[in-house]
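Enquirer: Input: one structure, supplied below.
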Amino acid sequence: MVDINDAAAIKNLDTMSMHAALEGLPAQCANAYDIGQKAPLPRIEETRAVLVTGLGGSAIGGDLLRVYCQERAGIPVVVNRDYNLPAFADENTLVFAVSYSGNTEETLHAYRLARVKGCRVVALSSGGKLAAWASEEGVPVIPIPSGLAPRAATGYLFLPMLAALERLRLLDGIDGAVSEMVAVLRAQTDSYRPEVPSDINPAKQLALEFRDRIPVIWGASGTTEVVALRWKGQVNENAKAPAYCNSFPELNHNEIVGFEQPGELLNRLWIVLLKDKGDDPRVAYRMQVTNKIITGKVAGVTEVASAGESILARLYSLIYLGDWASFYLAALYGIDPGPVRVIDYLKGELAKKQI
Ligand code: PA5
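At position 175 of the sequence shown (counting the first as 1) the number is 835 in my numbering, and the numbers step up by one without a gap.
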């Protein structure tokens, strides 16, 4: 275990400089949007759907895109975390094949299928086979910088797609929203960085609440659900610890019933309610009532509110807090936040056997 207020010790444990990537996220987002504005795009007569195919850290940008577009684009955005593609994918489907490494087998398989089906494909990657295949085949590649953990490249794995949809006239007004988001993240960096002590650092406070407990993150369907998923994944990958997520209103129809037995397990859960000013008023009220139902049964409940004006800034402000909290949780467990050896092992084993 590392003292959460010892910035040098925290950084010492962090062999992949995840803290530097976190501090660099605002600049990364600005750069990522710029990359998307200059990137090559495919010719497409009529876009009827957008499909983002990727896994893990390379898929969450697709979820952000889906959520962003839900109320703002006139076409569906579907996220595909699989080898295969949905049957609707055709020449009117814009497919973003996203893999930070460019070597994830599911994404490579889905890329191949998208090409066979005549989809309009764009590869978003820092290299690997995906970038190589796409370049050889004349498929547009949006090149992003290498050298980060995929989950630390969330700006690069999301904003170029957003910029691309703006350029294809499927969205508008992105520019101002990105500027605001970057400003909000810059302000947050000053509160969350390792040098800021835990009594005034909300990210460290959350990590302390999560220590020796299982975080359960609840967001709202269609908006902060993506943040809840991101927090879960970041606790898993950074702190190498379990976490779970769900969204309102669905969780009020099943998960909420499971808070009666057995008490000793419930006492290990720490619930986070992600709140956003854009929440449907009925959902906001559901959160209040739900909080009352579970308070006293679980170890604790923390309500976290988004910051900023645009939905982009608000979602990212919450993502950023979770990113930092999971980073500090790793420190509290004495764990190097960067390496994800289990994923590396799995990929290695899968590469040995062709089925
Ligand atoms: O965070 C991670 O390392 C993983 O979730 C990866 O993103 C996932 O395994 C997919 O790899 P890639 O992003 O290189 O396609």
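Just so you know, even glycine gets a beta-carbon here, dropped at the ideal spot from N, CA and C.
All values reported here derive from a predicted model rather than from experimental measurement.
What distance in whole Å lies between the Cβ atoms of G998 and M661, which are believed to be in contact at a cut-off of 8 Å?
Expert: Not quite, the Cβ-Cβ distance comes to about 18 Å (not below 8 Å), so this is no contact.
Enquirer: Per DSSP, which residues does A709 bridge with? Please list them.
Expert: Its beta-bridge partners are T753.
Enquirer: Identify the residues that DSSP records as bridge partners of P862: which are they?
Expert: Answer by DSSP bridge pairing: none, since P862 is not bridged.
Enquirer: From the DSSP output, read off the bridge partner residues of A875.
Expert: In the sequence as presented, Ala is not what sits at residue 875; that position holds Pro. In the DSSP output, where bridge partners are listed per residue, P875 has W930.
Enquirer: With a CB to CB cut of under 7 Å and the five nearest residues on each side skipped, what residues in its chain are close to R708?
Expert: For R708, where only same-chain residues beyond five positions count, the Cβ hits under 7 Å are I735, N752 and T753.
Enquirer: In the structure shown, what three-state DSSP assignment does T962 receive?
Expert: It is a strand residue.
Enquirer: I want to check one thing, is the minimum distance from the CB of L773 to the heavy atoms of ligand 1 below 7 Å?
Expert: L773: no, Cβ never under 7 Å from ligand 1.
Enquirer: With a threshold of 8 Å, are at least 3 pairs of Cβ atoms found where one atom belongs to the stretch 854-862 and the other to the stretch 973-980?
Expert: The answer is no - the stretch 973-980 does not touch the stretch 854-862, with fewer than three Cβ pairs under 8 Å.
Enquirer: According to DSSP, is A783 part of a helix, a strand, or is it coil?
Expert: Three-state result, A783: strand.
Enquirer: How far does the beta strand (DSSP E) with S970 in it reach, from first residue to last?
Expert: Run containing S970: none; DSSP gives neither H nor E here.
Enquirer: Who are the near neighbours of G836 in its chain, counting only those whose CB is closer than 7 Å to its CB and skipping five residues on each side?
Expert: If we look at G836 and ignore the five residues flanking it on each side, it has no Cβ neighbours.
Enquirer: Between the beta-carbon of V838 and the beta-carbon of Y693, is there less than 8 Å?
Expert: Closer than 8 Å, so yes.
Enquirer: Can you grab the Cα-Cα spacing for the pair A863 / P922, in whole Å?
Expert: Taking the straight line joining both Cα atoms gives about 30 Å.
Enquirer: Would you mind giving the Cβ-Cβ distance between L773 and L745, rounded to the nearest angstrom? I have them listed as a contact below 8 Å.
Expert: That pair is a contact at about 5 Å.
Enquirer: Can you tell which of D936, G833 and V738 has the C-alpha that lies nearest to the C-alpha of F748?
Expert: Comparing Cα-Cα distances from F748 to each of D936, G833 and V738, the minimum goes to V738.
Enquirer: Using only the heavy atoms of ligand 1, determine whether one of them is closer than 7 Å to the beta carbon of V1002.
Expert: It does not: the Cβ of V1002 is nowhere closer than 7 Å to a heavy atom of ligand 1.
Enquirer: With three or more beta-carbon pairs closer than 8 Å as the criterion, would you say the stretch 815-823 touches the stretch 681-692?
Expert: With a cut-off of 8 Å, the stretch 681-692 and the stretch 815-823 count as touching, because enough Cβ pairs lie within range.
Enquirer: Pair every Cβ in the stretch 916-931 with every Cβ in the stretch 952-961, then say whether three or more of these pairs are closer than 8 Å.
Expert: The stretch 916-931 is in contact with the stretch 952-961.
Enquirer: How many Å lie between E826 and G960 at the Cα?
Expert: The alpha-carbon atoms of E826 and G960 are separated by roughly 42 Å.
Enquirer: Once DSSP output is grouped into helix, strand and coil, what is the label at N951?
Expert: Residue state, collapsed to three classes: helix.
Enquirer: Let me check understanding here. Comparing Cα to Cα, which of E920, S970, F919 and S907 lies closest to A944?
Expert: Comparing Cα-Cα distances from A944 to each of E920, S970, F919 and S907, the minimum goes to S907.
Enquirer: Three or more C-beta pairs closer than 8 Å, one from the stretch 859-878 and one from the stretch 667-681: is that the case here?
Expert: No: the two stretches stay apart, fewer than three of their Cβ pairs being nearer than 8 Å.
Enquirer: Taking the beta carbon of L711 as the centre, do at least 16 other beta carbons fall within 10 Å, making it buried, or is it exposed?
Expert: Per the 10 Å Cβ criterion, buried.
Enquirer: Measure the beta-carbon distance from I931 to V876 and round it to whole angstroms, keeping in mind my assumption that it falls under 8 Å.
Expert: With 8 Å as the limit, I931 and V876 qualify as a contact, their Cβ atoms being about 5 Å apart.
Enquirer: Taking the alpha carbon of R780 as the point to measure from, which residue in V886, L701, D1004 and D996 has its own alpha carbon closest?
Expert: For the residues V886, L701, D1004 and D996, the minimum Cα distance to R780 belongs to L701.
Enquirer: How long is the line joining the alpha carbons of L889 and G938, rounded to whole angstroms?
Expert: Cα-Cα distance, rounded: 18 Å.
Enquirer: May I ask you to report which of helix, strand or coil DSSP gives A812?
Expert: It is helical.
Enquirer: What is the rounded straight-line gap between the Cα of L725 and the Cα of F818?
Expert: Looking at the two C-alpha atoms, the distance is approximately 7 Å.
Enquirer: Based on Cα-Cα distance, which residue from V782, T849, G815 and L830 lies nearest to A985?
Expert: Measuring from the Cα of A985, the nearest candidate turns out to be T849.
Enquirer: When DSSP builds the beta bridges, which residues end up paired with N906?
Expert: Answer is W878, bridged to N906.
Enquirer: Of the residues Q730, K777, D663 and I720, which one's Cα is nearest the Cα of G882?
Expert: Nearest of Q730, K777, D663 and I720 to G882, Cα basis: Q730.
Enquirer: For the stretch 707-746, which segments carrying the alpha helix (DSSP H) assignment without a break, of at least 4 residues, lie completely within its bounds, in sequence order?
Expert: Runs found: 720-730.
Enquirer: Could you check the C-alpha separation between E885 and L972 for me, to the nearest Å?
Expert: Whole-angstrom Cα-Cα distance: 14 Å.
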